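Data block below; observations after.
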Amino acid sequence: MTLVIGLFSEQVRVYELHNTGGWYDLGFLLGIGCICGGGSRSYRPRPPKRSLRDQKEWEEIAKKVEHKLQHKIRQWAEAEPDEDWEHVGSKAEAKLKQKLRAWAEEGGEAQR
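If you want it as structure tokens, here you go:
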């Protein structure tokens with residue numbers, strides 16, 4: 004409150020009455036700004052940028068991993084059916100039937 008009044012009146016001051024002048028006011032405001040953080044909270048350092056070489060290395064690694072996963076999945080898919088396949092197949096079939104029923108019910112409600 005006294006800050007606002009002090010802007011318009013020479014008789015009301017927020018701080019020491021005997022120290023007056025523009026330089027004192029500026030110093031006071033700078034001091035308050037430093038104590039209160041002065042906007043440093045809004046500063047967030049950016050993560051360091053990766054070099055082009057690092058990016059290329061990660062792309063090569065990603066391609067190798069993707070290729071290896073595709074190869075392993077293809078081997079697993081082409082393997083002879085066993086108990087695991089029967090279990091996976093029955094679960095996939097049940098899930099597909101459930102989704103088809105839900106889809107059919109949604110279509111029936113939309114037509115009503």
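The numbering used here puts the first residue of the sequence shown at 4, with every later residue one more than the last. We put the CB at the ideal spot given by N, CA and C, even for glycine. A quick note: this is a predicted structure, and the numbers were derived from the prediction, not measured.
In the DSSP assignment, find the alpha helix (DSSP H) that holds residue i and state where it starts and stops.
i: Gly24; result: Taken as a continuous stretch (DSSP letters only), Gly24 belongs to no alpha helix (DSSP H), as it is neither H nor E.
i: Asp57; result: Leu55 to Glu81
If we ignore side chains and look at the alpha-carbon of each, how far apart do residue i and residue j end up?
i: Leu33; j: Trp26; result: 10 Å
i: Cys37; j: Arg49; result: 23 Å
i: Leu29; j: Glu62; result: 54 Å
i: Asp57; j: Glu109; result: 49 Å
i: Leu10; j: Ser54; result: 53 Å
i: Gln101; j: Pro51; result: 48 Å
i: Trp79; j: Asp87; result: 11 Å
i: Lys66; j: Pro84; result: 29 Å
i: Arg77; j: Ala97; result: 24 Å
i: Phe31; j: Val7; result: 15 Å
i: Leu72; j: Val91; result: 19 Å
i: Trp106; j: Lys59; result: 44 Å
i: Ala82; j: Ala95; result: 18 Å
i: Leu99; j: Glu89; result: 15 Å
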